[in-house]
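Below you'll find the structure, written out as structure tokens, and then a few comments.
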Amino acid sequence: MLLGLLGLLPPLVLGLLWEGGVAAGLFSGRLLPPPSRIGATLWGLAASGDLATHVEATLTRVGLGFAFGALAGILAGALVATLPRLRALIDPSLQALRAVPSLAWVPLFILWFGILETPKVLLIAVGVFFPVYVGVAGAIASVDRKLVEVGRVFRLSKAAQVRRILLPAVLPATLTALRTGLGLGFLFVVAAELMGASEGLGYLLVDGQQFGKPDQILAAIIAFAVVGKLADALLVGLTAPLVRWQDTARDSL
């Protein structure tokens with residue numbers, strides 16, 4: 042419990058120094074509003090119900106995009122890692138597409154799908170797909186060959202080898218890839234909400250920039266940080282039972 046609370050110490054100290062610096066006149070609070078002003082903006086957005094509306098819109102887009110992108114990434118990574126001919130056929134193209142910046146897809150998706158929800162969800166799915174694909178393919182390809190040989194020695198069936206050897210070996214790296222994909226989902230949702238969105242935390246960022254409201258911009262950034270951290274913690278909590286068998290030095294390092 043105490044170790045968890047320690048993580049709150051750096052932002053609290055930074056906030057106090059920030060507030061004190063503005064109060065002492067060391068720097069202007071016009072373009073860099075103090076935490077008290079940002080907190081008041083957040084409170085106003087929450088009291089009016091706007092914050093809940095924007096958070097819900099962003100989470101819905103990220104959730105749908107993450108589900109589609111993660112599922113496609115897991116399937117593609119598993120197929121590419123287990124079928125050498127398929128890997129030689131499509132992996133170079135996927136690796137090339139992985140280098141395309143997120144904003145490069147925006148005009149094409151608008152042209153194809155308009156400016157409603159479909160292109161936004163697809164853009165997020167693209168962002169989630171690539172880290173999951175690379176993580177799953179790499180995890181399967183790095184399974185120790187000796188483990189597979191042990192399964193054959195004990196005459197395990199293909200299904201038993203997958204259940205008792207392959208899945209435990211690839212799960213940790215796969216879950217790490219899912220966490221990375223979720224983080225990129227929140228990164229891509231900002232680009233997605235540039236496509237004619239009227240709701241969402243990305244919309245709050247753009248609205249604050251257009252109307253010169255730095256407190257709203259920083260409030261949206263803080264909301265992104267909190268929502269993203271909670272989503273990551275939820276994913277870790279839901280997947281923790283899958284790797285409970287691991288005997289690692291994580292808590293002692």
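According to the working numbering, the sequence shown is numbered sequentially starting from 42.
The beta carbon of each residue, even a glycine, is placed where N, CA and C say it ideally should be.
Assuming valine 169 and glycine 114 make a contact with CB atoms under 8 Å, what is their CB distance in whole Å? Within the sequence shown, numbered from 1, the residue matching residue 169 stands at position 128. Within the sequence shown, numbered from 1, the residue matching residue 114 stands at position 73. Contact holds; Cβ gap of about 7 Å.
Integer Cβ distance of alanine 98 from proline 172, believed to fall under 8 Å: By 1-based counting over the sequence shown, the position of residue 98 is 57. By 1-based counting over the sequence shown, the position of residue 172 is 131. Approximately 24 Å separates the beta-carbon atoms of alanine 98 and proline 172; this is outside 8 Å, ruling out the contact.
Are the beta-carbon atoms belonging to phenylalanine 227 and valine 162 less than 9 Å from one another? Counting from one through the sequence shown, the residue named residue 227 turns up at place 186. Counting from one through the sequence shown, the residue named residue 162 turns up at place 121. No. Outside cutoff.
So, helix, strand or coil for phenylalanine 150, using DSSP? Within the sequence shown, numbered from 1, the residue matching residue 150 stands at position 109. Helix, per DSSP.
With burial defined as no fewer than 16 other Cβ atoms inside 10 Å of the residue's Cβ, what is the status of proline 282: buried or exposed? Position 241 of the sequence shown, counted from the first residue, corresponds to residue 282. So proline 282 ends up on the exposed side.
Quick check: the Cα distance between leucine 11 and leucine 246, rounded to an integer number of angstroms? As displayed, the chain neither begins before 42 nor continues past 294, which places residue 11 out of reach and without an answer.
Is it a yes or a no for the region 136-150 touching the region 209-218, going by three-plus beta-carbon pairs under 8 Å? Contact fails: fewer than three Cβ-Cβ distances are below 8 Å.
Verify whether the separation of the beta carbon atoms of leucine 112 and alanine 272 is less than 9 Å. On the sequence shown, position 71 is the one that residue 112 refers to. On the sequence shown, position 231 is the one that residue 272 refers to. Their beta carbons are not under 9 Å apart, which means leucine 112 does not touch alanine 272 by this criterion.
Buried or exposed (CB count within 10 angstroms, at least 16 for buried), glycine 241: Working through the sequence shown from its first residue, we reach residue 241 at position 200. With 16 or more other Cβ atoms within 10 Å, it is buried.
For glycine 224 versus glycine 176, is the C-beta distance shorter than 9 Å? On the sequence shown, residue 224 is found 183 positions in, with the first residue counted as 1. On the sequence shown, residue 176 is found 135 positions in, with the first residue counted as 1. Pairing glycine 224 with glycine 176 gives a Cβ-Cβ distance that is not under 9 Å.
For arginine 128, the first and last residue of its enclosing alpha helix (DSSP H): Here residue 128 refers to the residue found at position 87 of the sequence shown. According to the DSSP assignment, arginine 128 belongs to the alpha helix (DSSP H) that extends over 125-139.
CB contact flag (threonine 82, alanine 201, <9 Å): Counting from one through the sequence shown, the residue named residue 82 turns up at place 41. Counting from one through the sequence shown, the residue named residue 201 turns up at place 160. No, the Cβ-Cβ distance between threonine 82 and alanine 201 is not below 9 Å.
Under three-state DSSP, which class holds leucine 57? In the sequence shown, the residue the question calls residue 57 occupies position 16. Here leucine 57 carries a helix assignment [DSSP, helix/strand/coil].
Quick check: the Cα distance between isoleucine 156 and serine 143, rounded to an integer number of angstroms? In the sequence shown, counting from the first residue as 1, residue 156 sits at position 115. In the sequence shown, counting from the first residue as 1, residue 143 sits at position 102. C-alpha separation (whole angstroms): 16 Å.
Span of the alpha helix (DSSP H) holding isoleucine 79? Here the question's residue 79 lines up with position 38 in the sequence shown. First-last of the alpha helix (DSSP H) with isoleucine 79: 76-89.
Does the distance from the CB of alanine 166 to the CB of glycine 106 come in under 9 Å? Start at 1 with the first residue of the sequence shown, and residue 166 comes out as number 125. Start at 1 with the first residue of the sequence shown, and residue 106 comes out as number 65. Result yes, Cβ atoms of alanine 166 and glycine 106 sit closer than 9 Å.
Buried or exposed by the 16-neighbour rule on C-beta atoms within 10 Å, applied to tryptophan 59: Taking the first residue of the sequence shown as 1, we reach residue 59 at position 18. Sixteen is the threshold: when 16 or more other Cβ atoms of the shown chains lie within 10 Å of the Cβ of tryptophan 59, as they do, the residue is buried.
Exposed or buried, which one is arginine 102 when buried takes at least 16 other CB atoms within 10 Å? Residue numbering aside, residue 102 sits at position 61 when the sequence shown is read from its first letter. Label assigned to arginine 102: buried.
So, is proline 125 buried or exposed, given that buried needs 16 or more other C-beta atoms within 10 angstroms? For the purposes of this step, residue 125 is taken as residue 84 along the sequence shown, with counting starting at 1. A residue is called buried once 16 or more other Cβ atoms fall within 10 Å of its Cβ, and proline 125, having fewer, is exposed.
Give the single residue among Ile181, Gly237, Asp185 and Ile206 whose Cα lies nearest to the Cα of threonine 215. Here the question's residue 215 lines up with position 174 in the sequence shown. The shortest CA-to-CA distance from threonine 215 to any of Ile181, Gly237, Asp185 and Ile206 is the one to Ile181.
Can you give me the start and stop residues for the alpha helix (DSSP H) that arginine 220 sits inside? In the sequence shown, counting from the first residue as 1, residue 220 sits at position 179. First-last of the alpha helix (DSSP H) with arginine 220: 208-233.
Below 8 Å on the Cβ atoms is my contact criterion, and I expect leucine 164 with alanine 266 to pass it. Report the Cβ-Cβ distance as a whole number of Å. The residue you call residue 164 lines up with position 123 of the sequence shown. The residue you call residue 266 lines up with position 225 of the sequence shown. The C-beta distance from leucine 164 to alanine 266 rounds to 21 Å, too long to meet the 8 Å contact threshold.
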